[in-house]
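If you read the protein sequences in the order shown, they are chains S and R. Every letter in the first sequence is one number past the one before it in our numbering, and letter 151, counting from 1, is 160. Every letter in the second sequence is one number past the one before it in our numbering, and letter 400, counting from 1, is 409. Just so you know, even glycine gets a beta-carbon here, dropped at the ideal spot from N, CA and C. Before any comments, here is the structure.
Protein chains: 2
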Amino acid sequence: MKKADVVVLGGLSGITAGISCRRHYPDKKVIIIRKEGTVLIPCGIPYIYGTVGGPENNVIPDGLLENNGIELVKGEAVDVDRQNKVVTMKDGQTIGYEKLVFATGSVPLIPPIPGIDKKNVYPVKKEFDYLSDVYRQMKDVKDLVIIGGGFIGMEFADECKKGREINVTVVEALPHCLQMAMDNEFCDEAQTKLVETGVKIMVNEKVEAILGNEKVTGVKLADGKELKADMVILGIGAVPSTELAKKAGLELGFRGTIRVDRYMKTYTDPDVFACGDCAEKVSFFDGRPSGVMLASTATSEARIAGANLFSPTHQNCGVISVFSTVINGRAFGVAGLTERTANQVGAKIVVGKAEAPDTHPGGMPNSCQTKVKLLFAKDTGVILGGSLSGGKPVGEMVNVLSACIMHKMTADDMVMFQMGTHPALTSSPIMYPIVNAACKAVIPLKG
Amino acid sequence: MKKADVVVLGGLSGITAGISCRRHYPDKKVIIIRKEGTVLIPCGIPYIYGTVGGPENNVIPDGLLENNGIELVKGEAVDVDRQNKVVTMKDGQTIGYEKLVFATGSVPLIPPIPGIDKKNVYPVKKEFDYLSDVYRQMKDVKDLVIIGGGFIGMEFADECKKGREINVTVVEALPHCLQMAMDNEFCDEAQTKLVETGVKIMVNEKVEAILGNEKVTGVKLADGKELKADMVILGIGAVPSTELAKKAGLELGFRGTIRVDRYMKTYTDPDVFACGDCAEKVSFFDGRPSGVMLASTATSEARIAGANLFSPTHQNCGVISVFSTVINGRAFGVAGLTERTANQVGAKIVVGKAEAPDTHPGGMPNSCQTKVKLLFAKDTGVILGGSLSGGKPVGEMVNVLSACIMHKMTADDMVMFQMGTHPALTSSPIMYPIVNAACKAVIPLKG
Numbered sequence: 010m011k012k013a014d015v016v017v018l019g020g021l022s023g024i025t026a027g028i029s030c031r032r033h034y035p036d037k038k039v040i041i042i043r044k045e046g047t048v049l050i051p052c053g054i055p056y057i058y059g060t061v062g063g064p065e066n067n068v069i070p071d072g073l074l075e076n077n078g079i080e081l082v083k084g085e086a087v088d089v090d091r092q093n094k095v096v097t098m099k100d101g102q103t104i105g106y107e108k109l110v111f112a113t114g115s116v117p118l119i120p121p122i123p124g125i126d127k128k129n130v131y132p133v134k135k136e137f138d139y140l141s142d143v144y145r146q147m148k149d150v151k152d153l154v155i156i157g158g159g160f161i162g163m164e165f166a167d168e169c170k171k172g173r174e175i176n177v178t179v180v181e182a183l184p185h186c187l188q189m190a191m192d193n194e195f196c197d198e199a200q201t202k203l204v205e206t207g208v209k210i211m212v213n214e215k216v217e218a219i220l221g222n223e224k225v226t227g228v229k230l231a232d233g234k235e236l237k238a239d240m241v242i243l244g245i246g247a248v249p250s251t252e253l254a255k256k257a258g259l260e261l262g263f264r265g266t267i268r269v270d271r272y273m274k275t276y277t278d279p280d281v282f283a284c285g286d287c288a289e290k291v292s293f294f295d296g297r298p299s300g301v302m303l304a305s306t307a308t309s310e311a312r313i314a315g316a317n318l319f320s321p322t323h324q325n326c327g328v329i330s331v332f333s334t335v336i337n338g339r340a341f342g343v344a345g346l347t348e349r350t351a352n353q354v355g356a357k358i359v360v361g362k363a364e365a366p367d368t369h370p371g372g373m374p375n376s377c378q379t380k381v382k383l384l385f386a387k388d389t390g391v392i393l394g395g396s397l398s399g400g401k402p403v404g405e406m407v408n409v410l411s412a413c414i415m416h417k418m419t420a421d422d423m424v425m426f427q428m429g430t431h432p433a434l435t436s437s438p439i440m441y442p443i444v445n446a447a448c449k450a451v452i453p454l455k456g
Numbered sequence: 010m011k012k013a014d015v016v017v018l019g020g021l022s023g024i025t026a027g028i029s030c031r032r033h034y035p036d037k038k039v040i041i042i043r044k045e046g047t048v049l050i051p052c053g054i055p056y057i058y059g060t061v062g063g064p065e066n067n068v069i070p071d072g073l074l075e076n077n078g079i080e081l082v083k084g085e086a087v088d089v090d091r092q093n094k095v096v097t098m099k100d101g102q103t104i105g106y107e108k109l110v111f112a113t114g115s116v117p118l119i120p121p122i123p124g125i126d127k128k129n130v131y132p133v134k135k136e137f138d139y140l141s142d143v144y145r146q147m148k149d150v151k152d153l154v155i156i157g158g159g160f161i162g163m164e165f166a167d168e169c170k171k172g173r174e175i176n177v178t179v180v181e182a183l184p185h186c187l188q189m190a191m192d193n194e195f196c197d198e199a200q201t202k203l204v205e206t207g208v209k210i211m212v213n214e215k216v217e218a219i220l221g222n223e224k225v226t227g228v229k230l231a232d233g234k235e236l237k238a239d240m241v242i243l244g245i246g247a248v249p250s251t252e253l254a255k256k257a258g259l260e261l262g263f264r265g266t267i268r269v270d271r272y273m274k275t276y277t278d279p280d281v282f283a284c285g286d287c288a289e290k291v292s293f294f295d296g297r298p299s300g301v302m303l304a305s306t307a308t309s310e311a312r313i314a315g316a317n318l319f320s321p322t323h324q325n326c327g328v329i330s331v332f333s334t335v336i337n338g339r340a341f342g343v344a345g346l347t348e349r350t351a352n353q354v355g356a357k358i359v360v361g362k363a364e365a366p367d368t369h370p371g372g373m374p375n376s377c378q379t380k381v382k383l384l385f386a387k388d389t390g391v392i393l394g395g396s397l398s399g400g401k402p403v404g405e406m407v408n409v410l411s412a413c414i415m416h417k418m419t420a421d422d423m424v425m426f427q428m429g430t431h432p433a434l435t436s437s438p439i440m441y442p443i444v445n446a447a448c449k450a451v452i453p454l455k456g
């Protein structure tokens, strides 16, 4: 029987957990078991269909594992015997472990819509061969319907439109696309940008059925409208991949995720850890269970899990939820709560808004107006969240906000924030919008 | 006699101090007195000569003052009677104040080199007409020598080369350009980038004399070499502009700056404040006086000064020193200490380095390899500084580091940093180099 000190089950966060473990415990032998021959960069999947031109350009090289002295076993783990600490593979092979990490991720949510299993209806699975097939099929597609106007749906729509003679329609059940992620003004801005590319957006529309015989020919909406479609992409969310964990007797929690403590250790077994989409998350803000599934969150948890395997040192403070996206060249980002989510939990807040070009003077090349909206707790002045739209720097500005949130900075602290500025790289020091948005909240907070 | 609640003397940080005051004390009347008809964006000055094409494209609009209900008085303040709280202008006009703010900035350091006052030898003054004259003169220049390889010198060299048939030589007295700001590996990288544009760099070279009759014809170096020159730009530093403060009897401190406490209040007079280059700074790290002069630091101090004028609320934690620059399209940034400055103060440190493309996959358009170097205190694991080079996102990544430094994050904290990531905007969550550099420091810190 093969044996390792640490066995990791899974893809993206599994790689990070393995590397983290090897860094902290260089004498430990680590094996990663995974089904997929190739691991895709999950957030890069929509970009396969446009900017990067094919799935082969969106893979995580296995060299990362070799360089970190991690052994890769390709195949499917079908059983975990926790008493004897043995994983059994589909081909009968057994692998012993001292510590086991579940990093089994998530699979797309497939709603019970009639006709959902017709040919050319594609939930977004993170599988290389599957997505390659979608890529090939898309060559002949004339009418693409995307069900779900979240990140995946919006990014797919934007990318599939690039360089193709294709009609793209996004169907969203809520009043706004991206509504679960952003406040209305940012949703509106993102929708406007996407519509500019020629994509059609339909909101407040529920899908009643997928039409066609063997292959999809259209989508029927609840209000009776019918959309022509020779391909449908489904981007309405994901569910944790925890069948094996359940079979192994691990306690599951919120929405079927594996219950873990702050060290990413399972509630059930001190020698079994979990991280990423398959692991239960709690909110940084109130400690309640959170449904956030982000690759960046998954890798943060994986670093924590890897560090704690043989000695509990790193505590997860709960998920802040930090993300960004790009729609038709405009970047959007959110860290922490939005005004919508703050209102949902009844938080009394003060909002500060500011905007400025992301160069100074604004006449520098490729200058882009950046909008910032910050939320502070009315009673304490502590930052609860921030939303941005603008150019490429938005991707790191949202990380500035994440650092501020992690440290519970108040609006007063942020007024005194010492940012660096440069004409070609940032807003001017007078206008720097993160600081100026905080400035605008200071007086209302006191009032 | 004109009267205001608050009189501010000066340009850039004066505007910010005025706006901050009006925001905190909306019922107070604020007057800004300044000599310059037009305030230039200070960090944009080198870009006048290339990218933005002329000084008129690099001004701070006075609309900012109007919008904030601030009165502008153009002219030179020549006397301050602190007993009667009156400022006297060169034309004899007097203006009464309740609170006075010195934001008088700095002027270029002019070294006692023989011939330094010849025609076409230009220290970098922040004056519109002066810089317009330099702009006009540069049209006919064939051989430009820039004395000083700091930010100003390097940026001027890079910009003046753009779209001109011109020989540009940078003369630096130290072994590396940018040596006061960055560690050698980043200095080397910046020099290599600049040399690629055709600029000639001479290090370890001291200037002995400026040659020529009325007008400069060359530069003589200490080792006897002579460089042909029909224009010389001097970028070797700045000195605080504090003549009026001295005349008014305010206590001066380090390198002639106005002594202030943590509220930016002068030591001498509770009704007089100072901020920006003219005000004394102490280091965030050890509280010792610091010679840092940055526009971003100046505006941070101005926000603090403005908030404290009628009630002490905001405390300056000392200057972290956060900045970025761009040389031939590559961005460089530093927040806090460098390895060099840490060694100078005898700090025992652990260094973590990482690099990654600033998109994922790396094949996304305009992807740029980003290098990160972080410094942590050996005993406590607290971050002391970070250096970066890469693409446009470096300008905000250095601000992520600033937030981490401000909050004394440890390497362990930074391992758990929750960054947002996106294919077109950031490195991949597995590779995110700020976090991975911290990861690499964790074990050496414990060892």
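request  = Would you tell me roughly how many angstroms separate the C-alpha atoms of residue 416(S) and residue 416(R), rounded to the nearest one?
outcome  = Indexing the first sequence from 1 puts residue 416(S) at position 407. Indexing the second sequence from 1 puts residue 416(R) at position 407. Their Cα atoms are separated by approximately 7 Å.
inquiry  = Quick check: the Cα distance between residue 150(S) and residue 159(S), rounded to an integer number of angstroms?
reply    = In the first sequence, counting from the first residue as 1, residue 150(S) sits at position 141. In the first sequence, counting from the first residue as 1, residue 159(S) sits at position 150. Spanning the two alpha carbons is a distance of roughly 22 Å.
request  = Would you grab the beta carbon distance between residue 140(S) and residue 246(S) for me? Rounded to a whole angstrom, and I think it's under 8 Å.
outcome  = Your numbering for residue 140(S) matches position 131 in the first sequence. Your numbering for residue 246(S) matches position 237 in the first sequence. In this structure residue 140(S) is not in contact with residue 246(S), their Cβ atoms being roughly 18 Å apart against a cut-off of 8 Å.
message = Please tell me whether residue 388(R) and residue 377(R) are closer than 8 Å, where the distance is taken between their beta carbons.
response = As a first step, residue 388(R) must be located in the second sequence, where it is residue number 379. As a first step, residue 377(R) must be located in the second sequence, where it is residue number 368. Cβ distance not < 8 Å, so residue 388(R) and residue 377(R) don't count as in contact.
message = With three or more C-beta pairs closer than 8 Å as the rule, is the segment 104-124 of chain S touching the segment 209-224 of chain S?
response = With the rule of 3 Cβ pairs closer than 8 Å, the segment 209-224 of chain S counts as touching the segment 104-124 of chain S.
Neighbour-count burial assignment, residue 213(R), 16 or more Cβ in a 10 Å radius = Walking along the second sequence from the start, residue 213(R) turns up at place 204. It counts as exposed.
request  = Between the Cα of residue 30(R) and those of 433(S), 424(S) and 317(S), spot the shortest distance and give me the residue it belongs to.
outcome  = Translated into the one-based positions of the second sequence, residue 30(R) becomes position 21. The shortest C-alpha separation from residue 30(R) is found at 424(S).
query = DSSP on residue 118(S), reduced to helix/strand/coil?
reply = Position 109 of the first sequence, counted from the start, is the residue given in the question as residue 118(S). Residue 118(S) falls in the coil class under three-state DSSP.
task = Tell me whether residue 76(R) is buried or exposed, calling it buried when 16 or more other Cβ atoms sit within 10 Å of its Cβ.
result = To locate residue 76(R), count along the second sequence from 1; it is residue 67. Residue 76(R) comes out exposed.
request  = Step through the CB atoms of chain S and report whether any lies within less than 8 Å of the CB of residue 453(R).
outcome  = Position 444 of the second sequence, counting from 1, holds the residue named residue 453(R). At least 8 Å separates the CB of residue 453(R) from every CB of chain S.
inquiry  = With a threshold of 8 Å between beta carbons, is residue 377(R) in contact with chain S?
reply    = In the second sequence, the residue the question calls residue 377(R) occupies position 368. For residue 377(R), no Cβ of chain S is located within less than 8 Å of the residue's own Cβ.
message = Checking the sheet assignment: what are the DSSP bridge partners for residue 458(S)?
response = Lying outside 10 to 456, the shown extent of chain S, residue 458(S) is not represented and no answer is given.
ask   = At a Cβ threshold of 8 Å, is residue 427(S) touching chain R?
value = Taking the first sequence and counting its residues from 1, one reaches residue 427(S) at position 418. Interface criterion met: the Cβ of residue 427(S) is under 8 Å from a Cβ in chain R.
inquiry  = Looking at the strands, I want to know which residues DSSP matches up with residue 333(S).
reply    = To locate residue 333(S), count along the first sequence from 1; it is residue 324. Under DSSP, residue 333(S) forms a beta bridge with 342(S).
request  = Decide if residue 222(S) is buried, meaning its Cβ has at least 16 other Cβ atoms within 10 Å, or exposed.
outcome  = Position 213 of the first sequence, counting from 1, holds the residue named residue 222(S). Burial call: exposed.
key: Three-pair Cβ contact test at 8 Å for the segment 305-316 of chain S versus the segment 335-351 of chain S   = Because the criterion of three Cβ pairs below 8 Å is not met, the segment 305-316 of chain S and the segment 335-351 of chain S do not touch.
message = Using the Cβ count rule (16 or more neighbours within 10 Å means buried), how would you classify residue 254(R)?
response = For the purposes of this step, residue 254(R) is identified with residue 245 of the second sequence, where counting begins at 1. Only buried fits residue 254(R), as 16 or more other CB atoms lie within 10 angstroms of its CB.
task = For residue 325(S), count neighbouring Cβ atoms within 10 angstroms of its own Cβ and tell me buried if that reaches 16, exposed if not.
result = Residue 325(S) sits at position 316 when you count from the first residue of the first sequence. Label assigned to residue 325(S): buried.
ask   = Are the C-beta of residue 56(R) and some C-beta of chain S separated by less than 8 Å?
value = One-based indexing of the second sequence puts residue 56(R) at position 47. Chain S contact via Cβ: present.
task = Would you check if the distance between the CB atom of residue 62(R) and the CB atom of residue 432(S) is smaller than 8 Å?
result = As a first step, residue 62(R) must be located in the second sequence, where it is residue number 53. As a first step, residue 432(S) must be located in the first sequence, where it is residue number 423. With a cutoff of 8 Å on beta-carbon distance, residue 62(R) and residue 432(S) are scored as not near each other.
message = Three Cβ pairs or more, each shorter than 8 Å: is that satisfied between the segment 89-104 of chain R and the segment 36-55 of chain R?
response = Yes, they touch.
ask   = Along chain S, in chain order, which residues have C-beta atoms closer than 8 Å to that of residue 63(R)?
value = Counting from one through the second sequence, the residue named residue 63(R) turns up at place 54. Those within 8 Å of residue 63(R) in chain S number zero; the least Cβ separation is about 10 Å.
key: Where residue 5(S) meets chain R, residues with beta-carbon distance less than 9 Å   = Within the shown structure, residues of chain S are numbered from 10 to 456, placing residue 5(S) beyond reach of any answer.
ask   = Could you give the residue range of the alpha helix (DSSP H) that holds residue 305(R)?
value = As a working note, residue 305(R) is residue 296 in the second sequence. Start and end: 304-317.
request  = Measure from the C-beta of residue 53(S) to each C-beta in chain B and report whether the shortest distance is under 8 Å.
outcome  = The structure shown contains no chain B; its protein chains are S and R.
query = Does the beta carbon of residue 312(R) come closer than 8 Å to any beta carbon on chain S?
reply = Along the second sequence, read from residue 1 onward, the residue named residue 312(R) stands at position 303. Yes, because at least one Cβ of chain S sits closer than 8 Å to the Cβ of residue 312(R).
request  = Please list, in chain order, all residues of the same chain as residue 243(R) whose beta carbon is under 6 Å from its beta carbon, the five residues on each side excluded.
outcome  = In the second sequence, residue 243(R) corresponds to position 234, counting from 1. Excluding residues within five positions, the ones whose Cβ falls inside 6 Å are 132 and 156.
task = Specify the secondary structure class of residue 263(R) as computed by DSSP and reduced to three states.
result = For the purposes of this step, residue 263(R) is taken as residue 254 along the second sequence, with counting starting at 1. Three-state DSSP puts residue 263(R) in a helix.
request  = Output yes or no for whether 8 Å exceeds the beta carbon distance between residue 332(S) and residue 195(S).
outcome  = For this step, residue 332(S) is matched to residue 323 along the first sequence. For this step, residue 195(S) is matched to residue 186 along the first sequence. Cβ distance not < 8 Å, so residue 332(S) and residue 195(S) don't count as in contact.
Whole-angstrom distance between residue 373(R) and residue 171(S), CA atom to CA atom = Your numbering for residue 171(S) matches position 162 in the first sequence. Your numbering for residue 373(R) matches position 364 in the second sequence. The straight-line gap from Cα to Cα measures roughly 14 Å.
inquiry  = Let's test the definition: count the other Cβ atoms within 10 Å of the Cβ of residue 348(R) and tell me whether it reaches 16, buried, or not, exposed.
reply    = Residue numbering aside, residue 348(R) sits at position 339 when the second sequence is read from its first letter. Buried: at least 16 other Cβ atoms inside 10 Å.
query = Smallest Cα separation from residue 453(S): which of 381(R), 35(R), 12(R) and 81(R)?
reply = What you label residue 453(S) is simply residue 444 of the first sequence in a count that begins at 1. For residue 453(S), the closest alpha carbon among the candidates 381(R), 35(R), 12(R) and 81(R) is that of 35(R).
inquiry  = Can you look up residue 111(R) in the DSSP assignment and give me helix, strand or coil?
reply    = Counted from its first residue, the second sequence places residue 111(R) at position 102. In this structure, residue 111(R) counts as strand in the three-state DSSP scheme.
request  = Out of 275(R), 249(R) and 276(R), state which residue places its alpha-carbon closest to the alpha-carbon of residue 264(R).
outcome  = For the purposes of this step, residue 264(R) is identified with residue 255 of the second sequence, where counting begins at 1. Minimum Cα distance to residue 264(R) is reached at 249(R).
task = Thinking residue 407(R) and residue 343(R) are a contact (beta carbons under 8 Å), I'd like their distance in whole angstroms, please.
result = To locate residue 407(R), count along the second sequence from 1; it is residue 398. To locate residue 343(R), count along the second sequence from 1; it is residue 334. Rounded, the Cβ-Cβ distance is 7 Å, consistent with contact.
message = By the three-class DSSP mapping on this structure, what secondary structure does residue 201(R) have?
response = Here residue 201(R) corresponds to residue number 192 of the second sequence, with the count starting at 1. Helix.
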